[in-house]
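Residue numbers (this note's numbering), protein chains in the order written: chain A, 83 to 274; chain B, 83 to 274. Each residue gets a CB set at the ideal place from its N, CA and C atoms; glycine is no exception. Worksheet: one structure, shown below.
2 protein chains.
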Amino acid sequence: MATMSPRRVELIDAAARLFSERGYHGTSMQHLGEALGMQRGSLYAHIGAKEDLLYDVVADGAGRFLARGEAAMALPATASEKLTRLLIDHVTTATDHLAASTVFLNEWRYLSPEHRDEIQTKRDRYEEIVRLIVAKGIDTGEFRPDADVRFAATLFLSAANWVYTWYRPEGELAPEEIGRRFADLIVKGLAP
Amino acid sequence: MATMSPRRVELIDAAARLFSERGYHGTSMQHLGEALGMQRGSLYAHIGAKEDLLYDVVADGAGRFLARGEAAMALPATASEKLTRLLIDHVTTATDHLAASTVFLNEWRYLSPEHRDEIQTKRDRYEEIVRLIVAKGIDTGEFRPDADVRFAATLFLSAANWVYTWYRPEGELAPEEIGRRFADLIVKGLAP
DNA sequence: CCTACCGATCGGTAGG
DNA sequence: CCTACCGATCGGTAGG
Chain A
83 MATMSPRRVE LIDAAARLFS ERGYHGTSMQ HLGEALGMQR GSLYAHIGAK EDLLYDVVAD
143 GAGRFLARGE AAMALPATAS EKLTRLLIDH VTTATDHLAA STVFLNEWRY LSPEHRDEIQ
203 TKRDRYEEIV RLIVAKGIDT GEFRPDADVR FAATLFLSAA NWVYTWYRPE GELAPEEIGR
263 RFADLIVKGL AP
Chain B
83 MATMSPRRVE LIDAAARLFS ERGYHGTSMQ HLGEALGMQR GSLYAHIGAK EDLLYDVVAD
143 GAGRFLARGE AAMALPATAS EKLTRLLIDH VTTATDHLAA STVFLNEWRY LSPEHRDEIQ
203 TKRDRYEEIV RLIVAKGIDT GEFRPDADVR FAATLFLSAA NWVYTWYRPE GELAPEEIGR
263 RFADLIVKGL AP
């Protein structure tokens, strides 16, 4: 990562954009070459195979979300605050990196088995973080005792992960505001 | 539709399954031929082009969801009851027709522009139905007056449309129960 | 529904 | 980074 050439970075950017628009299988090396103004064969000076690009894009996306998750969990704050903070960060991250997030969420299943397993582990960890925050809120009495941890976490993830399908930068609501409103609704649903 | 041959029905079924597993662009006519035990060229006795199959699968999915939506709206019931009923029906439909629902939700963007527009209209109508139910609940005082109609509807749709990514038939919860728990959380979030 | 074929394009490589 | 190429496969058609 530290030694990644500028060309490789450009290539990953173009891959994120093209894969998000046309899908991984709908994007050819030819398309990628045109996006960078070079012959498709020349791309192999920078990568070993097409799947490397998918992995790079997906791993970037996974890494970003997970970093926000770990940060939210480490906050000295109530469960409601952590949940709200994380949902805002999640939405902001998804919208700031819309192409990469789209690829992360809907093309990751085309990764090679090894790469897929690695990403699955990160997804599992992220989900666990959300559950831990909800469970903590129940413990402290902040959320109602009969709340369903798994369903509350899944509702959180559903709202967060569906944003990329409808968010448009020209829309009237800022990403922060979107995250906040979802969090309000969910936190109210969890109130005692 | 009334005159659809058994072979064509088999073909659409196989397309739903394969497109949901490998994506539209990741599925070749060769794959489809193998699934039906025939040569790929022979498939053209039943369809005009590969895209016809995508359209058939997506249109089936869209039609099913929309029918549930219109039915829920027509119920003689409170807004909470309609919302709960629709969410249960949505989840049940998505899980009963998991492959077609998956294709409907994540391959529809590869339709031809005309077909895409037609499906978009149905999606818009479905979303409108959810909003109308929420708005009605606010009018009658069933939901709190400051509830955000668009966000409540989007939270509903997010939960409903994310199910296909994590639902597994061998899981412990029945689809009805999944829909009911989501509905409870959302309705509680809307309570005055 | 099959055989045999169409031109185009696929991901990837060699050699410079 | 390009030229020139590899074998394989793509969606689709003709003619039977």
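Spatial neighbours of GLU224(A) in its own chain (CB-CB distance under 7 Å, excluding positions within 5 residues in sequence) are listed in chain order as THR160, ALA161, SER162. By the C-beta criterion, the segment 174 to 181 of chain A is judged to be in contact with the segment 142 to 162 of chain A, since at least 3 inter-stretch pairs fall below 8 Å. Within the model, the alpha-carbon separation for GLU254(A) versus HIS113(A) is close to 33 Å. By the rule that beta-carbons nearer than 7 Å mark a contact, SER110(A) does not touch chain B. Using a 10 angstroms sphere on the CB of LEU135(A), the tally of other CB atoms reaches 16 or more, which defines it as buried.
The straight-line gap separating the alpha-carbon atoms of SER87(A) and ASP95(A) is approximately 13 Å.
Inter-segment contact for the segment 187 to 206 of chain A and the segment 96 to 112 of chain A is present: three or more beta-carbon pairs are separated by less than 8 Å. Ranked by Cα distance from VAL212(A), the first of ALA181(A), ARG226(A), PHE233(A) is PHE233(A). Here DSSP, grouped into helix, strand and coil, assigns HIS107(B) to coil. Under the three-state reduction of DSSP, GLU252(A) is assigned to coil, being neither helix nor strand. For the pair SER240(B) and SER240(A), the CB atoms are nearer than the 7 Å cut-off. Residues of the segment 235 to 254 of chain B whose Cβ lies closer than 9 Å to any Cβ of chain A, in chain order: THR236, LEU237, LEU239, SER240, ALA241, ALA242, ASN243, TRP244, VAL245, THR247, TRP248.
Contiguous alpha helix (DSSP H) elements confined to the segment 138 to 189 of chain B occur at 161 to 178, 180 to 188, taking only those with 4 or more residues. The residues THR166, ILE170, in chain order, have a CB closer than 7 Å to that of ARG262(A) in the same chain once the five nearest residues on each side in sequence are set aside.
In the structure shown, SER87(B) falls within a coil segment according to DSSP collapsed to helix, strand and coil.
Inter-residue distance for ARG150(B) and GLU209(B) is about 12 Å (C-alpha atoms, whole angstroms). Boundaries cannot be given for GLY223(A), as no alpha helix (DSSP H) includes it and DSSP labels it neither H nor E. Not one beta carbon of chain A lies nearer than 7 Å to the beta carbon of PHE225(B). Under a 10 Å Cβ-count criterion, GLY219(A) is classified as buried, with 16 or more other Cβ atoms of the shown protein chains found around its own Cβ. Within the same chain, Cβ atoms closer than 6 Å to the Cβ of PRO274(B) are found at ARG226, the five residues on either side in sequence being excluded.
Under the Cβ criterion of 7 Å, LEU267(B) is counted among the residues facing chain A. Counting along the chain, no alpha helix (DSSP H) covers GLY119(B), and no H or E run does either.
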